[in-house]
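Have a look at the structure below, then the notes.
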Amino acid sequence: MQNEERRLKAKDILDDIGLKDIHYLGQGFEGVVFHDSTHVYKVIMPFFKGKNKWNTYRHLTFFFEEENFKSFYHLEEIIEHKNVFIQKYKYEPSTPIDKFTQKDVVLFLTECWQKKIIVQDCKKENFIKVGENLKLVDMDASVYYSDNLFLNACVRMYLFLHERDNPQLKKLQRSAVNNFNLPELEGAREFINEVFSNIIFAESKKAFKDMTINKFSDLEYEIYNAKTIPHLEELFFSKIKENLYLCDIQISDIFLNENNDFEPRSIAIGYKSLLPLEEKISLLIKTCAQDVQTIEANIKHIVRQLSYPNSFYEVVVSIDTKQSDFARQFTDNADLKKLIDIVENLQQKHVIDRFIIYDASETIRINKEWFNIKTSQTHSTTNIPISSQLYAFEKCEGDYVLQMDSDVLIGRLDINHSFLADMISEVKKNKNVLFVGFNIYNKESKAYFGFENGGFVPEVRMGLFDKRRLFSVRPLPNSVDENLKLQLTWYRSLERLQKDKGFCSIRGGDKRSFYIHPQNYRKTNAYSWINILDRVEQGYIPNLQFGEFDCNGSFYEWCTPKRSEKMVVLSCFRNLTIHKFLRMWFSLISQTFQDFGVVFYDDCSISGISIFIEQIIKPYKDKVTFIKGRTLQTKMQCEYLAIHYYCDNPESIIVCVDTDDALIGKEALFDIYKKYDMWGVDMTCGRVHQTYRLEPHYRYPVNFMEPRKTGGNVWQHLKTFKKYLFDSIPLSYFTYEDKETKLSKRKWIEKCDDYAMMVPIAQMSSSPLQMDFINYYYERDYDKKDANRELKEQAIKEILEKPPLSPKDVVKGRKKFLSNLDMIEIDITFECNLKCKGCNRSCGYAPSSESMTISDIECFVNESKFLSKKWKLINILGGEPTLHKDFLRIIEILQREYVDSFCQDTIIQVVSNGFTKQAKELCRQAELFKNVRIDYGSFKTKNLVDYFTPFNNAPIDDINFKDADYSAACWVASYCGLGLNKNGYYACSVCGGIDRVLGGNKGIKTLKEITTQNLQDHFKEFCKFCGNFKDYAPNYGDFIPRCEKAPFKEKISPSWKQIYDRYKRDHE
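Oh and the sequence shown: position 817 is 817 in the UniProt record's numbering, straight run, nothing missing.
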């Protein structure tokens, strides 16, 4: 477009302002352009009349700020002369654009996104080529960014690339506006994915642009790239066989690969050299069929933790072949065949060298050689394995054997500590030492001790012995019972020999290497103790573990380091690739807002990715809590554990990011934080770019008012919320509805965790918000976008059918619980034959034979029927209910006179200790009644129950509870229901047990007298004495599974001491 008159007029204007030596460049619709070899001057002289010059000025403001973009010039000055604007910017020699390349276009669109502008006229005539860079020279047609305009700009540029020879290009481009289904746009989705990936790459570059490989001088390195790197976990264990220990991974030269992932060109893996000792040492790991669920994780943990700085001569696994009736049984799912298959696979993958399956035909010989007793029994009178372990000792080929149970948790504060050298040194120095116990977690190192008077019982759980020396003291003292079972285990037998013959087993040593033994009650649900294993492996040990052999503290206390930052980013994954992790990781650490912590949860990956992540995040160790899960769980459970246990600030903003996705833009977190800080929002939904779908208008408008109808699109990424909202969601909202299954056994919802969290959060939110712009890159395989659709629909249906919540349900701090009026627990007697420590009926410290009568039970039945009270559950307990002289008659009355004649759906449950044959027989007879269930989980073999709450540790005696609202109660009331005993009805049965000892006789005498107020009065009166109220405080008063509880330690606080003293005086 040329117009001589216009050119001369523009030149005159420039001449007026003193620009004489100028050269003509060209002209367009908006203006005429000259340069003086230093700057370009564009005189704004629109061809068409009536254009507002200030509108043009507004377009130009996008370029006023000096920035480092390759595609745009910085407008150094806007000169106004004779009512005309003149643009001034840097001049560079250039060439015209013949055609766009994809590289040029992607960079241009990336920088448009970064600059938050839309260039509406993108024809090639509006650009020049300066060196390798595409430069925009027509700056007059730029507008503010919006997602819709940006997607349309991408589509226009895509057509410029792929339809440039189409004679109807302009018509096609205008047809494509908000119409992305045209056949000519078939590849536009992949193109726009590339654009967004480049945006993420450009915005993240500061996090890796200077990243280089700095090799440590004491390590050996191998260099790989992303395509040649082997399976990292398999590499880790195979290198141990080469006397190398993998301890460093570094990357460099990150680029965006053809799959839009972040790929390093170089991956350096560093190894420390293992030092073989002069002595041959066998590492022996003992296991049985009970361990099947976790055995792979256990063995890998042991080998990983013990294989440096010295190498073992061999790693051997001993398998006891017993398949049932285990000592200290914790599972009904023992599987010997599966366990053997797993161990055999570990041998094939070079994690272990070999395994030993006990040969029962050797039993008589072994017992004869070891104890000089002829018997074919393999286990002790208490069911402890003997001959299989001794058989394994014989089969070990080392001079020394470091033997251990497969469940030990091994910690290393300093991996360079040679624990083997220390232990062997003690054996060599002291000819009477038979066993050296592996150290426990101590605050200080201790010299070995126990050299006198036989020392300690040999450390069966983890200890080292000199094979020749141990074998030389055989036979060991022992005896058999009437069934020819050995009465002493091999280690108790050895202890007796030590005392008789002057030998000893010692303990102590350097604090830098230690083990912890998990109790079997923790193993009833593997996630708990295996997550503790992970904490031990990573070196996060709570101080309460000092000096303890057995695992101390609750699961919550082990979940460290806890995150309390203003914002916490949560990311759960399984079998992630290196490329996708790096894309997410760099998009995260490049954020301008940095007051955030991170929780990564690896849900049992088998790809070895955790080894890579562990090394890459080292510089950010204080910012990241990395959980390496070893038991497969649903994503919902992983997220619940991460938020509930590892985040301790209720005001933290929780940001959920899938690790195979990414944040779009380095301001993503700051944009979210501003909304919380300035506008007071308590949850946000983001806007997501879905790689498998392309639409011009955002397809997910949010309905915050009625999310439980269809989900309300509140699930969408980038989803964020205040932690207190998450904490306010009942646990049952994350599980399938199952009234007959205990809380700890209910099935977690497998899919659509985003619905399960965000629907109730949106209902409880007081100030929700959807973010303004797309801020999340959501990548899914296009061909698998509809995978698991049926399961997802089932999960969504379950989620949306949960009862609605509202802002009134939000709880900050302890939750408030009400008595469940559909269930009742009847203490038919307070007499007990076991008197467990920590009994919340005080059967041990305040014994009583007080019982309900048949008349009492009939009165309960008649009143329930008269008031049309249909109980869902009637729980029969005590005391020990089977000690009641009319136990079966009571069961019969409930079945015949209430259930059969009035409410056939009621479940009658019996909670017995099952301690005696008589108790078990009475339970068997009771179970013959149609509606009766026996709670076999309550059966006991001793009066010390590891998972019991210290009931007599009254919160009223703890200054931390001086302002407690005891009317809030705890989960027991809402889960177990009302209580009933000889003295009447209570808000819960524990309240009734406390009132019995206090002698207050404050039971509500009839059902019809029960009101919300008098139940609340019970809580206020009795919960201040109840250890349950205190023990459940870390969980806001809510349910804590048995496997998560701290081991029972009896505590009798001052109030209870006074109460029991008074009770004894009154009943003497």
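Beta carbons: idealized from backbone N, C-alpha and C, even for Gly.
May I ask you to list the residues that DSSP assigns as paired with residue i?
i    : result
E314 : S282
K722 : I653
T684 : T720, L769
M567 : F596, I653
P385 : H379
I251 : I267
Given this structure, state the Cα-to-Cα distance separating residue i from residue j, to the nearest angstrom.
i     : j     : result
T61   : S590  : 27 Å
P183  : Q637  : 44 Å
D140  : E30   : 7 Å
E66   : H74   : 6 Å
N575  : F612  : 12 Å
G813  : S1055 : 26 Å
K42   : T56   : 13 Å
S912  : Y936  : 8 Å
D147  : Y308  : 54 Å
C154  : I192  : 7 Å
C1023 : P760  : 30 Å
F393  : F600  : 41 Å
D648  : E444  : 30 Å
K865  : Y898  : 7 Å
V105  : G26   : 24 Å
I357  : V303  : 20 Å
F939  : K300  : 34 Å
L919  : W715  : Note that residue 919 is Ala in the sequence shown here, rather than Leu. Cα to Cα, the separation comes out at about 52 Å.
F108  : K719  : 30 Å
K349  : I240  : 12 Å
Helix, strand or coil for residue i per DSSP?
i     : result
A268  : strand
I357  : strand
C991  : helix
Y736  : coil
F902  : coil
F326  : coil
I627  : strand
L805  : coil
P183  : helix
D1038 : coil
F85   : strand
K1049 : coil
R365  : helix
L402  : strand
Q690  : strand
Taking residue i and residue j to be in contact with their CB atoms under 8 Å, please state how far apart those CB atoms are, rounded to whole angstroms.
i    : j    : result
I386 : T378 : 7 Å
L434 : F371 : Not quite, the Cβ-Cβ distance comes to about 16 Å (not below 8 Å), so this is no contact.
L256 : F201 : 5 Å
Q519 : D946 : 5 Å
L413 : R512 : 4 Å
S282 : F312 : 7 Å
F915 : L834 : 5 Å
If you measure between the beta carbons of residue i and residue j, is that distance less than 8 Å?
i     : j     : result
G665  : K623  : no
N713  : Y700  : yes
C923  : T882  : yes
E111  : K70   : yes
A207  : F586  : yes
G491  : E1044 : For the record, residue 491 in the displayed sequence is Tyr; it is not Gly. Not closer than 8 Å, so no.
D603  : K635  : yes
I627  : D534  : yes
Q498  : G454  : yes
G1027 : N953  : yes
T684  : K674  : no
S554  : P847  : no
K742  : Y1036 : no
V408  : F355  : no
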